[in-house]
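Here's the structure we're looking at; comments come further down.
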Amino acid sequence: MGILLRDLVAALSRAFPLRTAGYEKDAVGLQVGFDRNAELRKLLVAYEVTEAVIDEAIAVDANCILAYHPLIFPNLSAITDSSRTGKLVRRLVRENIALYVLHTAFDANISFGTSTLMAQALGLQSLRPLAPLEGKLEKLVVFVPTTEAEKVRQAMWAAGAGNIGNYDECSFAVEGVGTFRGNDLSNPVIGTPNVRESVSETRIEVIVEKWRSAAVIRAMIQAHPYEEVAFDLYPLANGHPTYGMGSVGELPQPLEPDAFLRTVSRVFKTPSLRYSTVTKPTVRRIALLGGAGMDYYRAALSADADVFVTGDVRYHDFYRAEHDGMLLVDAGHAETERWVVAGMRNALASVELFVDLHPDVHDSFIVESRIVPNAVQYHLEQA
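Next up, the structure:
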């Protein structure tokens with residue numbers, strides 16, 4: 165038996181946690197499916213679902229598409245041919261092709277996300293997230309007999325707690341005295357029912373990502389000696405050190421704005437750039453966010469960026485950037501995301517489901533789409 169749909173969904177949800185999506189209401193995950201025990205023949209990695217991409221999936225015998233852009237977004241009230249989305253969903257179901265979407269769950273990973281791919285293509289250095297994701301971290305606090313503290317700590321680390329940026333096995337501990345008294349129904353490991361006990365305990369604190377909290381708590385309780393475990397879970401406002409939207413980096417050398425614009429047009433293959441009035445003689449610090457990124461304009465300002473490169477910019481936003489002294493460049497939605505298909509294909513190499521596959525099997529199962537969709541067309545008048 166080969167790879168099942170359920171195996172793929174589980175592996176992708178671990179490698180690209182859906183709760184890391186940069187937009188909380190983003191439509192990510194399995195959007196069109198079938199029997200989860202069904203075997204997958206091939207996986208087609210594509211930018212988005214179009215009629216041509218479905219034709220391609222059929223041609224290469226792929227019964228699952230891994231797409232960057234959602235097909236169903238934000239909702240679908242009816243599945244009929246009266247809408248583009250409904251027509252495509254009906255065809256996927258008719259052809260028995262599943263659809264899994266990554267979108268901002270891919271974007272937000274600063275190791276390989278869309279903005280990182282953009283920055284690498286422009287040769288930027290000293291990359292960092294433009295807007296680290298907030299509200300994705302929690303602090304787990306548990307009280308455990310001091311003699312058992314290391315066992316419980318190790319169990320939480322093994323389940324995924326205690327990671328901070330480039331460091332793991334992070335924790336804080338302080339010793340104190342815990343008291344408790346069990347009733348007639350209690351079965352204490354330490355002490356006697358109806359007798360108050362005092363025990364030397366250690367308070368252990370670890371940071372845990374929200375999507376790992378349930379697993380870490382289960383592991384902690386399983387390793388804990390008490391019948392009833394006292395623990396707290398606190399939400400944190402800290403930005404996540406690993407996940408964020410956009411990137412900020414530095415050009416190796418300052419460039420004149422015109423030279424930078426020519427570079428962007430060439431690298432992104434954008435036939436016609438839209439940009440704000442130039443106010444600086446040179447630029448060096450560049451903020452980037454693929455697709456529609458104006459929600460993060462203030463983050464680019466806060467980063468003291470000379471330039472913000474994104475897509476789908478509205479008219480009056482160019483005036484706003486001129487006033488703020490920043491060069492705002494609309495390089496196109498699809499153009500700024502031109503590397504995501506190859507990026508997703510490369511990221512799959514580290515997904516545990518595929519790590520142990522023979523290279524020949526890996527290459528035959530995962531197919532990179534050759535279709536390059538773009539809803540926007542350009543008319544360039546010849547001189």
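Residue numbers (the numbering used here): 165 to 547. Idealized CB from N, CA, C, for every residue including glycine. From a predicted model like this one, the values you see are computed outputs, not experimental measurements.
Pair within 9 Å by beta-carbon distance, residue i and residue j
i, j, result
"A379", "G299", "no"
"A467", "L281", "no"
"T311", "E339", "no"
"F270", "M508", "yes"
"L453", "G410", "yes"
"Y542", "S436", "yes"
"Y407", "A283", "no"
"E220", "R502", "no"
"G403", "P234", "no"
"L240", "Y264", "no"
Straight-line Cα distance separating residue j from residue i
i, j, result
"V531", "R205", "11 Å"
"A262", "T184", "22 Å"
"R484", "F472", "12 Å"
"V504", "Q289", "20 Å"
"I385", "T474", "46 Å"
"A319", "A387", "7 Å"
"V217", "C228", "11 Å"
"K315", "V173", "32 Å"
"N351", "D396", "23 Å"
"V306", "Y232", "39 Å"
"L182", "E215", "26 Å"
"K303", "E188", "21 Å"
"G489", "P416", "21 Å"
"L208", "A226", "6 Å"
"Y390", "N510", "45 Å"
"R254", "W321", "45 Å"
"A498", "G342", "59 Å"
"L176", "S275", "16 Å"
"A469", "D171", "42 Å"
"Y460", "Y439", "17 Å"
"T446", "L491", "10 Å"
"E516", "R178", "9 Å"
"T366", "A313", "7 Å"
Range of the contiguous beta strand (DSSP E) that encloses residue i
i, result
"F395", "395-400"
"G455", "447-456"
"R292", "289-298"
"Y264", "262-265"
"D494", "491-494"
"Q546", "Where Q546 is concerned, there is no enclosing beta strand (DSSP E), given that its DSSP letter is neither H nor E."
"S210", "Sequence check: residue 210 is Ala here, not Ser. Where A210 is concerned, the enclosing beta strand (DSSP E) stretches over 207-210."
Alpha helix (DSSP H) segment containing residue i, residue limits
i, result
"M282", "278-286"
"D271", "268-271"
"G250", "248-258"
"F518", "516-519"
Residue burial classification, residue i (beta-carbon count within 10 angstroms, cutoff 16)
i, result
"T441", "exposed"
"T244", "exposed"
"N201", "exposed"
"A242", "exposed"
"A325", "buried"
"F336", "exposed"
"S362", "exposed"
"Y398", "exposed"
Beta bridge counterpart(s) of residue i as assigned by DSSP
i, result
"Q541", "Answer by DSSP bridge pairing: none, since Q541 is not bridged."
"P309", "E365"
"V428", "Answer is none; V428 lacks a bridge partner."
"F482", "In the DSSP output, where bridge partners are listed per residue, F482 has none listed."
"E302", "V372, P399"
"Y187", "Note: Y187 sits in no beta bridge, so no partner."
"S241", "None, per the DSSP bridge assignment."
"Y331", "I328"
Proximity test, residue i beta-carbon vs the ligand HEM heavy atom, cut-off 8 Å
i, result
"E373", "For the structure depicted, the ligand HEM is absent and the ligand set is empty, with no information on it obtainable."
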